[in-house]
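See below for the structure under consideration.
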Amino acid sequence: MDMNEIKEIFFQECEEQLAELESGLLKLNDGDRDPETVNAVFRAVHSIKGGAGAFGLEELVAFAHVFETTLDCVRSNKLEPNQDVLKVMLKSADVLADLVTCSRDGGSVEESRTRGLVKELEALANGEALPAAEAPKAAKPVAAAAPAKPTDDSGFQPIPFTFDGFGEEEKVVEQFTYEVTFKPTRELYSKGNEAALLLRDLSRFGEMGIACDMDQLPALENMDPEASYFGWKISITTPKSEEEVRAVFEFAEWDCELEVKPAEASEGEELPMIPVPFDLSSLDDEPAPQPETAATEEASANVVKAVNAAVEKKESAAAAAAAAAAATQNNAAAAASSAGQTIRVDLDRVDRLINLVGELVINQAMLSQSVIENDNNGVSSINMGLEELQQLTREIQDSVMAIRAQPVKPVFQRMSRIVREVADMVGKQIRLVTEGENTEVDKTVIDKIAEPLTHMIRNAVDHGIESPEKREAAGKDPEGTIKLSAKHRSGRILIELQDDGGGINRERVKQKAIDNDLISPDANLSDEEIDNLIFAPGFSTADKISDISGRGVGMDVVKRSIQALGGRISISSRPGLGSTFTMSLPLTLAVLDGMVVTVAGQTLVVPLTAIVETLQPEASAIHSFGANQRLISIRNSFCPLVDVGRILNFRANQANPVDGVALLVESEGGGQRALMVDAIQGQRQVVIKSLEANYTHVPGIAAATILGDGRVALILDVDAVVGASRGQSLKPEMSLAAAG
Amino acid sequence: MKKKVLTVDDSRTIRNMLLVTLNNAGFETIQAEDGVEGLEVLEGCEPDVIVTDINMPRLDGFGFIEGVRRNEKYRAIPILVLTTESDAEKKNRARQAGATGWIVKPFDPAKLIDAIERVTA
């Protein structure tokens, strides 16, 4: 993927966010006061800001930031979104859309338009959160950030920028003559600069006369081969400005004496000089020239010797080069062959293949089923062949999946940069430690975790790790550590983000949740429950609004995007010691190994990865606990029993555990549960078919699949069911008895 | 013979941008992901010029440049530093470490090639 492709995706997202923003604002204009609408509007602007930051679209970032600040006032009920306010907001949405378009296609938004709106937005926000310095930044014309210039034949888009000291090439016919005195120090050479190359550069500016000052050249026996003895006096006639002439020596300016002045003014003392014809063609043609030699050869035989000595190190380097040539060739060969081993394939083609293999798996299962039904003795050659087909199908599927598997390394690498940059911005010292970067996971999963991970990393740097002073006061290393690790665990990828910061301030979190009406003031919450409040929409504990981790929009967005991937996220925190976020994601979004079970006459699929073991409970192992709770004792430890049929409302009363099978499952929230089902039908690999497009999210159900006999079976969302058993009931409107 | 450029940058995007730019300009490009890999790759690749980032994991650009300059065999190789902004302080540190010149990111292909041509024969 190249920059343009990534950027293209960013702009596509911008379009979606802008549509969301506009429709949300229009809803508000119609009197809609649903907090979710405000949230959606806010998030749209926030996302655009985040993406624009990554591409350095500063004008876009600055304007989005002001807009976002004002929207935040609406979100926190500090600003009533009346008609006047919405008028400004709708106008701002238009400007934002224009800024996005300009960033993509070039052009600029009228400065007066942007500036006026920035003022209006700031006035609305009462100057509450916005540093004044943002205003002029936002008001800058967009042209500078607009990257879209005609592409060259490689498809490369040049980004306009200023190269220090270089000016625009002016079409001035006027010629100036400059006297340039240039005397390098030895450091110039030690840094890999070359006086002759700089002079060559200068000569491209126009007619040039050059003289070498060799006054300081000592006798041969006193000569230091690496010292700099020569200086040059140059007279050049060029249309360029003095600045441009100086810019030639930009890389060398610290390591030389340089004087550039217009010719008229230079009537001072003349150094005795030997005029040297400066033959530049030799520089251009020879692959490894000895520039000082070229410049001085004709002047003096002594000098030639001296220079030869001076460039001795170069020759020895050249000799070394020859010695290493064999190794180089080997390297090149290796590189060439490894390059030949990879091909770039359009993702669509791979996806099509994956879909087809998915269909193949279903088809093979159906075929097996009908053969089993029609083949009583089960030993016919058809049956044997089918088993082989099954194995082959499985292998094809694994291989196809492997095509999409990618290490998480690139995403992790991006994070280290984010840590550095954000830490710099907030003045903290933070080290990022990564582990398991080579853990592979499906490309779609990788693409989708980058964004939530970025949010989390920024949060960890901004809120998690304390300032160096605070850390020192707490007796910790002033340098904070963030650990990012990835590993495979039972068919899923587990990504852990651990910081050694202050941990969750539960008092503050709870108070904030009460202030924001997320919980009632007398709610009695466990530590774990308080920690998880940070995932609630509209929640933020930052005392001051920062440009970095936003305003708490992060964590609920993070949770949603992880859930959308079929993943879970949880936090565990120890006050004073830090927090750990744990994300568990499926390795692929296409297939699943499942246990097919019967519950109250319905066929369900339980993801195999969640199941630790299965057992048939004995009456003596079942213990009642409270009114409805039952526990099962397994090897001397007690585990809550969860009747899946009851939780999903398949039946009104709990079934007798002794009649069924218990599936011991482990959920991401921690802890084991015994899920009661009526019977196990078998184990099967199933192709996941999402229900969300047609039924939206169904609590307790992750997706659906088609079984070998053509029936549709629902895939159980184990974590949601376990959560429901803990009292966080599934939403009441969910009644699967009707749906099933 | 094609001129050989060693690019050292932890960003895949920048590495690819450099690769496309340099290949189009007729250079041979060798890539490394950070300073440590850069020093490893350097042995036996004999580049004509090195283009390196500053902020990198494991070994940053300053450390990498110092490493190259400490090496008898490679200490005369021109090294261009990629800096995010025209940060004078960073430039100065890179220079002290032994950098030959610098390129401001995001770079313009033509300017990149100009800078490389300026420091190579």
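So the protein sequences, as listed, match chains A and B. Those letters in the first sequence? Residues -3 to 736, by my numbering. Those letters in the second sequence? Residues -13 to 107, by my numbering. A virtual CB, placed ideally from N, CA and C, is assigned to each residue, including glycine. Values in this document were obtained by computation on a predicted structure and should not be read as measured data.
1) From T234/A to E118/A, what distance separates their C-alpha atoms?
2) Using C-beta distances below 7 Å, list every residue in its chain close to I414/A, excluding the 5 sequence neighbours before and after it, in chain order.
3) Answer with yes or no whether the minimum CB distance from D(-5)/B to chain A is below 8 Å.
4) Identify, in the order they occur along the chain, each residue of the same chain with its Cβ nearer than 8 Å to the Cβ of I500/A, setting aside the five sequence neighbours on each side.
5) Does the CB of T86/B have a neighbour CB from chain A at under 8 Å?
6) Return the residue from the list H61/A, L581/A, L600/A that minimises the CA-CA distance to D438/A.
7) Chain A partners of I65/B, CB-CB under 7 Å?
8) Can you give me, in chain order, the residues of the stretch 19 to 48 of chain B that have a beta carbon less than 7 Å from any beta carbon in chain A?
9) Put T106/B into one of helix, strand or coil per three-state DSSP.
10) Applying the 10 Å Cβ sphere with the 16-neighbour rule, what's the burial state of T86/B?
11) Does any residue of chain B have a CB that is nearer than 8 Å to the CB of Q409/A?
12) Tell me the rounded alpha-carbon separation between D39/B and V67/B.
13) Between V(-9)/B and chain C, is there a C-beta pair that is closer than 8 Å?
14) In chain order, what residues of the same chain lie with their CB nearer than 7 Å to the CB of G131/B, ignoring the 5 residues before and after it?
15) Using a Cβ-Cβ distance under 8 Å, would A107/B count as near chain A?
16) Does the separation of the CB atoms of L712/A and I697/A fall below 8 Å?
17) Look up K83/A in the DSSP assignment and say whether it is helix, strand or coil.
18) Would D715/A be called buried (16 or more neighbouring beta carbons within 10 Å of its own) or exposed?
19) Using a Cβ distance threshold of 8 Å, determine whether the stretch 464 to 471 of chain A contacts the stretch 427 to 436 of chain A, with at least three qualifying pairs required.
20) Based on the DSSP secondary-structure assignment, which residues constitute the bridge partners of H484/A?
21) Rank L53/A, A36/A, N35/A, L24/A by C-alpha distance to the C-alpha of K83/A and give the top, closest one.
22) Which residue wins for smallest C-alpha separation from R707/A, given the options T692/A, V682/A, S721/A?
23) Using a Cβ cut-off of 8 Å, pull out every chain B residue sitting near F6/A, in sequence order please.
24) Judging by CA-CA distance, which residue of K77/B, N2/B, I51/B, E23/B is the nearest neighbour of V35/B?
25) A11/B CB to nearest chain A CB: under 8 Å?
26) Of the choices G205/A, L343/A, V673/A, V396/A, whose alpha-carbon is the least far from that of V595/A?
27) Could you tell me whether the Cβ of F79/B comes closer than 8 Å to any Cβ of chain A?
28) Can you list the residues of chain B that L193/A reaches, using a CB-CB cut of under 8 Å?
29) Please report how far the alpha carbon of V57/A lies from the alpha carbon of V90/B, in whole angstroms.
30) Can you list, in chain order, the stretches of the alpha helix (DSSP H) that have 4 or more residues and sit fully within the stretch 14 to 43 of chain A?
31) For A720/A and L671/A, what's the separation of their Cα atoms in angstroms?
32) I need the straight-line Cα distance from I358/A to N370/A, nearest angstrom please.
33) Measuring alpha carbon to alpha carbon, tell me which of N218/A, C252/A, D705/A, E238/A ends up nearest G227/A.
34) Return helix, strand or coil for P235/A, following the three-state DSSP convention.
35) Taking all protein chains shown into account, decide if A560/A is buried (16 or more other Cβ within 10 angstroms of its Cβ) or exposed.
36) Whose C-beta lies closer than 8 Å to the C-beta of K685/A among residues of the same chain, with five residues either side of it excluded?
A quick look at the data gives this:
1) About 51 Å.
2) Around I414/A: T450, I453, R454.
3) No, because no Cβ of chain A sits closer than 8 Å to the Cβ of D(-5)/B.
4) Result list for I500/A: I526, D527, I530, I567, S569, P571, S575, in chain order.
5) Judged by the 8 Å Cβ criterion, T86/B is in contact with chain A.
6) If we check each option's Cα against that of D438/A, L581/A comes out closest.
7) Here the neighbours are G188.
8) Answer set for the stretch 19 to 48 of chain B: G30, C31, E32, N41, P43.
9) Of the three classes helix, strand and coil, the one that applies to T106/B here is coil, per DSSP.
10) Classified as buried, T86/B has 16 or more neighbouring CB atoms from the shown chains inside 10 Å of its CB.
11) It does: the Cβ of Q409/A has a partner Cβ on chain B nearer than 8 Å.
12) Rounded to whole angstroms, D39/B to V67/B spans 6 Å at the Cα level.
13) In the structure shown, chain C does not exist; the protein chains are A and B.
14) Summary: the structure shown does not reach residue 131/B, with chain B confined to residues -13 through 107, and so no result is reported for it.
15) Closer than 8 Å to some Cβ of chain A, the Cβ of A107/B qualifies, so yes.
16) Yes, these two residues count as a Cβ contact at 8 Å.
17) Assignment of K83/A by DSSP, reduced to helix, strand and coil, places it in the helix class.
18) In summary, D715/A is buried, with 16 or more beta-carbon neighbours lying within 10 Å of its beta-carbon over all protein chains present.
19) By the Cβ criterion, the stretch 464 to 471 of chain A is not in contact with the stretch 427 to 436 of chain A, since fewer than three pairs of Cβ atoms, one from each stretch, lie closer than 8 Å.
20) I489/A.
21) Of the candidates L53/A, A36/A, N35/A, L24/A, the one whose C-alpha sits nearest the C-alpha of K83/A is L24/A.
22) Looking from the CA of R707/A, the closest CA among T692/A, V682/A, S721/A belongs to V682/A.
23) Identification of chain B residues near F6/A by a Cβ-Cβ cut-off of 8 Å yields none; the smallest Cβ-Cβ distance measures about 12 Å.
24) Answer by Cα proximity: I51/B.
25) Contact of A11/B with chain A is not assigned, every C-beta pair being separated by 8 Å or more.
26) When G205/A, L343/A, V673/A, V396/A are compared, the shortest CA-CA separation from V595/A is found for V673/A.
27) Correcting the residue type first, residue 79/B is Arg in the shown sequence and not Phe. For R79/B, the answer is no, since every Cβ of chain A falls outside 8 Å of its Cβ.
28) Within 8 Å Cβ-Cβ: R104, V105, T106, A107.
29) In a straight line, the C-alpha of V57/A is about 21 Å away from that of V90/B.
30) You should have found no qualifying run.
31) So the two alpha carbons sit approximately 12 Å from each other.
32) Roughly 19 Å separates the two Cα atoms.
33) Answer by Cα proximity: C252/A.
34) P235/A falls in the coil class under three-state DSSP.
35) A560/A is exposed by the Cβ-count criterion.
36) Same-chain partners within the cutoff: A699, A700, T701, I702.
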